[in-house]
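Residue numbers (this note's numbering), protein chains in the order written: chain A, 444 to 703; chain B, 64 to 128.
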């Protein structure tokens with residue numbers, strides 16, 4: 444079980460709903476992933492449009508918990524207002540808070556992020572901030588009232604896996620009471636297992652599943668990898684060693700200590 | 064009067080949000096609305112008076128990551 448703001452979930456895999464070849468494949472992939480939380484967004488729609496209604500119906504059919512995001516916001520004001528619109532639209536106080544600081548890397552503007560998080564927590568939101576692996580930023584987010592913190596593994600959509608392993612290990616060690624989610628940059632199930640083996644509570648991804656050759660099978664692959672990584676973490680991983688250590692018993696080896 | 068609706072300068076006849084939704088064919092669409100960066104709850108759409116130059120955002124659910 445993993446808990447987000449007092450709500451318990453069996454699955455430690457959160458997935459996005461964008462970029463799939465079709466709405467039907469998105470639905471099948473969500474089901475195959477076992478995810479109980481999906482990310483959604485909100486956008487302008489031309490007058491008379493029905494795209495939003497159709498998507499709303501698809502999500503409701505899945506019977507999952509929605510986590511709206513503030514993707515694309517580039518200022519504190521935009522992010523705060525978008526979060527408030529999301530609360531009105533989706534009827535949830537949960538918000539995946541993104542304040543983008545650079546268009547090329549989609550790197551979070553961590554200064555604006557902390558400011559927006561503080562405003563939203565005071566406004567009653569349960570904030571899921573998308574941040575970098577910077578420790579002091581994570582500490583400030585925690586101090587602002589975030590009980591979930593979501594550092595990136597690598598830039599959004601880059602499929603590179605964990606880039607700064609040591610910093611992510613430090614985050615885990617320094618924030619034991621915070622629910623930590625690796626969000627963004629995962630490209631393969633092995634990357635997700637990697638994150639889980641580091642002791643992260645969950646992973647969140649979208650592109651690696653949606654853009655796979657077979658998104659439904661890839662969703663299954665990520666589900667299995669997240670489960671495997673978590674089980675391994677709970678089982679207790681052995682540490683690396685500099686030299687070999689035989690696994691087969693040495694005592695009794697034929698010809699051991701034989702006189703030549 | 065002239066307002067900015069979803070980022071575009073738009074001439075509207077409506078004087079409140081409920082009337083605007085009807086005028087722009089948003090009825091029966093699941094939307095949320097902000098006027099000048101302030102969210103206007105559904106319960107206040109009829110009372111929410113619009114003014115010339117208002118920046119109005121009408122948004123709907125969409126796929127996201």
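Beta carbons: idealized from backbone N, C-alpha and C, even for Gly.
Legend entry - Span separating the alpha-carbon of residue 634 of chain A from that of residue 100 of chain B: Here the question's residue 634 of chain A lines up with position 191 in the first chain. Here the question's residue 100 of chain B lines up with position 37 in the second chain. Taking the Cα positions, residue 634 of chain A is about 39 angstroms away from residue 100 of chain B.
Inset, instruction - Have a look at residue 573 of chain A and residue 532 of chain A and give me their C-alpha separation to the nearest angstrom. - result: As a working mapping, residue 573 of chain A is identified with position 130 in the first chain. As a working mapping, residue 532 of chain A is identified with position 89 in the first chain. For residue 573 of chain A and residue 532 of chain A, the distance between alpha carbons rounds to 21 angstroms.
Legend entry - residue 627 of chain A classed as buried or exposed, judged by whether at least 16 other C-beta atoms fall within 10 angstroms: In the first chain, the residue the question calls residue 627 of chain A occupies position 184. By the neighbour-count rule (16 or more Cβ atoms within 10 Å), residue 627 of chain A is buried.
Inset, instruction - Closer than 7 angstroms by C-beta to residue 508 of chain A: which residues in its own chain qualify, once you throw out the five before and the five after it? Chain order, please. - result: Here residue 508 of chain A corresponds to residue number 65 of the first chain, with the count starting at 1. For residue 508 of chain A, where only same-chain residues beyond five positions count, the Cβ hits under 7 angstroms are 479 and 480.
Inset, instruction - Identify the contact partners of residue 484 of chain A in chain B, using a Cβ-Cβ distance below 9 angstroms as the criterion. - result: Looking up residue 484 of chain A in the first chain gives position 41. Correct list: 124, 125, 126, 127 and 128.
Legend entry - Inter-residue Cα distance where the pair is residue 687 of chain A and residue 606 of chain A: Position 244 of the first chain holds residue 687 of chain A. Position 163 of the first chain holds residue 606 of chain A. Going by the C-alpha atoms only, they are around 27 angstroms apart.
Inset, instruction - Within 10 angstroms of the Cβ of residue 685 of chain A, are there 16 or more other Cβ atoms? Answer buried if so, exposed if not. - result: Locating residue 685 of chain A in the first chain gives position 242, where the first residue counts as 1. Under this definition residue 685 of chain A is an exposed residue.
Inset, instruction - State the Cα-Cα distance for the pair residue 565 of chain A and residue 629 of chain A, rounded to the nearest angstrom. - result: Working through the first chain from its first residue, we reach residue 565 of chain A at position 122. Working through the first chain from its first residue, we reach residue 629 of chain A at position 186. Cα to Cα, the separation comes out at about 32 angstroms.
Inset, instruction - Establish whether the CB of residue 610 of chain A and some CB of chain B are separated by less than 9 angstroms. - result: Taking the first residue of the first chain as position 1, residue 610 of chain A is located at position 167. It does not: the Cβ of residue 610 of chain A has no partner Cβ on chain B nearer than 9 angstroms.
Inset, instruction - Apply the 10 Å Cβ neighbour rule to residue 595 of chain A and answer buried if 16 or more other Cβ atoms are within range, or exposed otherwise. - result: By 1-based counting over the first chain, the position of residue 595 of chain A is 152. With 16 or more other Cβ atoms within 10 Å, it is buried.
Legend entry - Contact set between residue 119 of chain B and chain A, taken where Cβ atoms lie within less than 9 angstroms: Position 56 of the second chain holds residue 119 of chain B. Residues of chain A with a Cβ closer than 9 angstroms to the Cβ of residue 119 of chain B do not exist, since the nearest Cβ in that chain sits about 10 angstroms away.
Inset, instruction - Give the single residue among A:646, A:593, A:675 and A:678 whose Cα lies nearest to the Cα of residue 571 of chain A. - result: Here residue 571 of chain A corresponds to residue number 128 of the first chain, with the count starting at 1. It is A:593.
Legend entry - Straight-line Cα distance separating residue 546 of chain A from residue 518 of chain A: The residue you call residue 518 of chain A lines up with position 75 of the first chain. The residue you call residue 546 of chain A lines up with position 103 of the first chain. When only Cα atoms are considered, residue 518 of chain A and residue 546 of chain A end up about 13 angstroms apart.
Legend entry - Cβ neighbours of residue 647 of chain A in the same chain (closer than 6 angstroms, five flanking residues each side left out): Here the question's residue 647 of chain A lines up with position 204 in the first chain. Short of 6 angstroms from the beta carbon of residue 647 of chain A, and not among the five residues preceding or following it, lie these beta carbons of its own chain, in chain order: 457, 624 and 626.
Legend entry - Closer than 8 angstroms at the beta carbon, the chain A residues around residue 106 of chain B: Within the second chain, numbered from 1, the residue matching residue 106 of chain B stands at position 43. The premise fails here: residue 106 of chain B is roughly 11 angstroms from chain A at the closest Cβ pair, so nothing lies under 8 angstroms.
Legend entry - Any non-hydrogen atom of the ligand NAD closer than 8 angstroms to residue 538 of chain A Cβ: Of the ligands one can find in the structure shown there are none, so the ligand NAD has no counterpart to examine.
Inset, instruction - Could you spell out where the beta strand (DSSP E) holding residue 447 of chain A opens and where it closes? - result: As a first step, residue 447 of chain A is located in the first chain; it is residue number 4 there, counting from the start. It spans 445-447 - the beta strand (DSSP E) in which residue 447 of chain A sits, taken as one unbroken run.
Legend entry - residue 450 of chain A burial status per 10 Å Cβ neighbour count (16 or more: buried): To locate residue 450 of chain A, count along the first chain from 1; it is residue 7. Label assigned to residue 450 of chain A: exposed.
Legend entry - Contact set between the segment 64-82 of chain B and chain A, restricted to residues whose Cβ is under 8 angstroms from the partner: Listed by position, the residues of the segment 64-82 of chain B near chain A (Cβ gap below 8 angstroms) are 69 and 70.
Legend entry - Burial state of residue 614 of chain A, where buried means 16 or more other Cβ atoms lie within 10 Å: To locate residue 614 of chain A, count along the first chain from 1; it is residue 171. Counting Cβ neighbours within 10 Å, residue 614 of chain A comes out buried, since at least 16 surround it.
Legend entry - Backbone secondary structure at residue 474 of chain A - three-state DSSP: By 1-based counting over the first chain, the position of residue 474 of chain A is 31. Helix, per DSSP.
Inset, instruction - With DSSP as the reference, label residue 102 of chain B as helix, strand or coil. - result: Position 39 of the second chain holds residue 102 of chain B. The answer is strand: DSSP assigns residue 102 of chain B an E or B state.
Legend entry - Beta-carbon proximity of residue 90 of chain B to residue 76 of chain B, cut-off 9 angstroms: Here residue 90 of chain B corresponds to residue number 27 of the second chain, with the count starting at 1. Here residue 76 of chain B corresponds to residue number 13 of the second chain, with the count starting at 1. With respect to residue 76 of chain B, residue 90 of chain B sits apart: the two C-beta atoms are not nearer than 9 angstroms.
Legend entry - chain A residues whose Cβ lies nearer than 8 angstroms to that of residue 111 of chain B: Reading the second chain from its first residue, position 48 is the one you call residue 111 of chain B. Near residue 111 of chain B there are no residues of chain A at all, since even the closest Cβ is about 13 angstroms away, more than 8 angstroms.
Inset, instruction - Could you have a look at residue 468 of chain A and say whether DSSP puts it in helix, strand or coil? - result: Here residue 468 of chain A is taken as the residue at index 25 of the first chain, counted from 1. It is helical.
Inset, instruction - Count the C-beta pairs between the segment 496-511 of chain A and the segment 674-683 of chain A that are closer than 8 angstroms, then say yes if the count reaches three, no if not. - result: In this structure the segment 496-511 of chain A does not lie against the segment 674-683 of chain A, because fewer than three pairs of beta carbons, one per stretch, are closer than 8 angstroms.
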